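One line per chain: the protein sequences are A and B, in this order. Mapping of the first sequence onto the numbering used here: position 37 corresponds to residue 37, and the numbering continues sequentially without gaps. Mapping of the second sequence onto the numbering used here: position 53 corresponds to residue 1053, and the numbering continues sequentially without gaps. For glycine and all other residues, C-beta sits at the position ideal for the given N, C-alpha and C. None of these values were measured; they are calculated from a predicted model. Some notes on the structure that comes next.
2 protein chains.
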Amino acid sequence: MAPMTAGEEGVRWLDAEEQSVWRSLLRAQSRIEEELDRDLQARSGVSLVEFGILVALSEAPGMRMRMRVLADSVIVSKSRLSHQITRLERAGYVRREPCEEDRRGFWAILTDQGLKVLREAAGGHVTRVRERVFDRLTREQVRQLGAVMRLLEPGDGAGG
Amino acid sequence: MAPMTAGEEGVRWLDAEEQSVWRSLLRAQSRIEEELDRDLQARSGVSLVEFGILVALSEAPGMRMRMRVLADSVIVSKSRLSHQITRLERAGYVRREPCEEDRRGFWAILTDQGLKVLREAAGGHVTRVRERVFDRLTREQVRQLGAVMRLLEPGDGAGG
DNA sequence: GGAATATGGTTTAAGATTCAACTGTTTTCG
DNA sequence: CGAAAACAGTTGAATCTTAAACCATATTCC
Chain A
1 MAPMTAGEEG VRWLDAEEQS VWRSLLRAQS RIEEELDRDL QARSGVSLVE
51 FGILVALSEA PGMRMRMRVL ADSVIVSKSR LSHQITRLER AGYVRREPCE
101 EDRRGFWAIL TDQGLKVLRE AAGGHVTRVR ERVFDRLTRE QVRQLGAVMR
151 LLEPGDGAGG
Chain B
1001 MAPMTAGEEG VRWLDAEEQS VWRSLLRAQS RIEEELDRDL QARSGVSLVE
1051 FGILVALSEA PGMRMRMRVL ADSVIVSKSR LSHQITRLER AGYVRREPCE
1101 EDRRGFWAIL TDQGLKVLRE AAGGHVTRVR ERVFDRLTRE QVRQLGAVMR
1151 LLEPGDGAGG
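Okay, here's the thing in structure tokens:
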């Protein structure tokens, strides 16, 4: 491959192994997400992200979370979460309630119906995750994967 | 095989470690992709997927690929690729050409301008990938990650 | 040969996501 | 206190993605 161009003099390119790992990672990522998403969608009508939202809410005290916290926790933009919650609300799985303490804020609250859908979807989803990921790995590999992913998680190294 | 329907009696739930690994994976995934995408977009106006398309084309003989092959190689649906190529074509980075041998088919061909943009974007992108991923891992961890991802890559285990 | 079917690819409309602008509240600080 | 800045969240338009229908060519199989 041709060496660098304009400006990019000192680039440290990926060596063969890094390149191969990187591409595997991208492919595995996109395939796993797509399959799980499709499966979940087919089985329960919620997307993977929506499922994540329901899970997060179900684990929160009072089955409720402030929008901002929820957005951070499922890693989506505020705007996207807002739309997403609107849809979940329309579906009857979540409702909004204004927040007393901070009157700018809103709670997103899991409804009974939302909890029900979550419960019904959970088993099948976990089974799928297992098939697609954990059953293919040894215990040791799971450990290694965890160690690596925890290193890769933090958004920007700026964490003081 | 465990009976797998609405009842979900025999589900093997994730244990604490698996759960933690799984969530790390999802978070790391979405953060990395989002950051790289945003960076690439800001620096060169192409998304991560578009960049992937340009890379694939640049490596193909004659810098051209049939739509179907390209779609498989970058892991997107035919439909999405078609739209994507339309946009890249509009931007002047790719052009289509009908395929002689199979007259249903089309080639997607990297243009000079597309190659130029790719070259200009590549260095910065690699640097970012390095910062975001490889520089955080030991050589051994990179190896482990590769081994794991290669196992997770294949779409469906159903080989027959 | 030719009807049925499969394949390659595009298109259209519907749904999701992003971006920037906006409302209203809270915090900061001179 | 009060103005400026920051924060929580929503909204609407533009963009992107997905799903399904569709066209045209290839292939299969009787």
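Quiz item: Using a beta-carbon distance below 7 Å, is G155 (chain A) in contact with chain B?
Solution: yes
Quiz item: With 7 Å set as the bound, which would you pick, yes or no: does the beta-carbon of F1051 (chain B) sit closer than that to a beta-carbon of chain A?
Solution: no
Quiz item: Near L1048 (chain B), what residues of its chain come up, given a Cβ to Cβ distance below 7 Å and the 5 sequence neighbours on each side ignored?
Solution: So the qualifying residues of the chain are E1033, L1036, D1037 and L1040.
Practice problem: Output the residue ranges of the alpha helix (DSSP H) runs that lie fully inside the stretch 93 to 141 of chain A and measure 4 residues or longer, sorted by chain position. | Solution: 112 to 132
Practice problem: Please say whether V1117 (chain B) and Y1093 (chain B) have beta carbons closer to each other than 7 Å? | Solution: Contact check for Y1093 (chain B) against V1117 (chain B) passes: the beta carbons are separated by less than 7 Å.
Exercise. For M149 (chain A), go through chain B and note every residue whose CB falls closer than 7 Å to its CB, in chain order.
Key: V1021, S1024, L1025 and A1028
Quiz prompt | Where S1079 (chain B) falls, given that 16 or more other Cβ within 10 Å makes a residue buried | solution = Under this definition S1079 (chain B) is an exposed residue.
Practice problem: Flag R1087 (chain B) as yes when its Cβ comes closer than 6 Å to any non-hydrogen atom of the ligand ZN, and as no otherwise. | Solution: You won't find the ligand ZN in this model; it holds no ligand whatsoever.
Quiz item: Which residues mark the beginning and the end of the beta strand (DSSP E) in which R1066 (chain B) is found?
Solution: R1064 to R1066
Quiz item: Would you report the Cα separation of L151 (chain A) and E1100 (chain B), rounded to the nearest angstrom?
Solution: 50 Å
Exercise. Could you tell me the boundaries of the alpha helix (DSSP H) in which S58 (chain A) lies?
Key: Looking at the DSSP string, the run of the alpha helix (DSSP H) that includes S58 (chain A) is L48 to E59.
Quiz item: What residues of chain A sit near T1127 (chain B), judged by a beta carbon separation below 7 Å?
Solution: V11
Quiz prompt | Alpha carbon of I75 (chain A) to alpha carbon of M63 (chain A), nearest angstrom | solution = Cα to Cα, the separation comes out at about 18 Å.
Quiz item: So which residues of chain A does I1032 (chain B) contact, with C-beta pairs closer than 7 Å?
Solution: Using a Cβ-Cβ cut-off of 7 Å, I1032 (chain B) is close to L152 of chain A, given in chain order.
Self-check item: Backbone CA spacing between S77 (chain A) and R1103 (chain B) [nearest angstrom]
Solution: Using only the alpha carbons, I get a separation of about 44 Å.
Quiz prompt | Under 8 Å from the C-beta of Q41 (chain A): neighbouring residues of chain B | solution = None at all; the shortest Cβ gap to chain B is about 14 Å.
Quiz prompt | Exposed unless 16 or more other CB atoms sit within 10 angstroms - verdict on G1155 (chain B) | solution = The residue is exposed, with fewer than 16 neighbouring Cβ atoms inside 10 Å.
Quiz item: Measuring CB to CB, does L1057 (chain B) end up less than 7 Å from V148 (chain A)?
Solution: no
Practice problem: Pull up the distance between the alpha-carbon of R1143 (chain B) and that of V21 (chain A), whole angstroms please. | Solution: Our two residues, R1143 (chain B) and V21 (chain A), have alpha carbons roughly 8 Å apart in a direct line.
Quiz item: Is the number of C-beta pairs between the stretch 1012 to 1021 of chain B and the stretch 127 to 144 of chain A that are closer than 8 Å three or more?
Solution: Touching, yes.
Quiz prompt | Per-residue contacts from R130 (chain A) into chain B (C-beta, under 7 Å) | solution = R1012
Quiz item: Using a C-beta to C-beta distance shorter than 7 Å, which residues of chain A count as neighbours of I1075 (chain B)?
Solution: R27, S30 and R31
Quiz item: Name the chain B residues that come within less than 8 Å of V46 (chain A), Cβ to Cβ?
Solution: Within 8 Å Cβ-Cβ: nothing; V46 (chain A) doesn't reach chain B, min ~15 Å.
Self-check item: Extent of the continuous alpha helix (DSSP H) to which S30 (chain A) belongs
Solution: A16 to S44
Self-check item: 7 Å Cβ cutoff, L1054 (chain B) in contact with chain A
Solution: Cβ-Cβ to chain A under 7 Å: no for L1054 (chain B).
Exercise. Check the Cβ-Cβ distances between E18 (chain A) and every residue of chain B, and say whether any is below 7 Å.
Key: Taking CB atoms only, E18 (chain A) has a neighbour in chain B less than 7 Å away.
Quiz item: Along chain A, in chain order, which residues have C-beta atoms closer than 7 Å to that of R1136 (chain B)?
Solution: Residues of chain A passing the Cβ test: L151 and L152.
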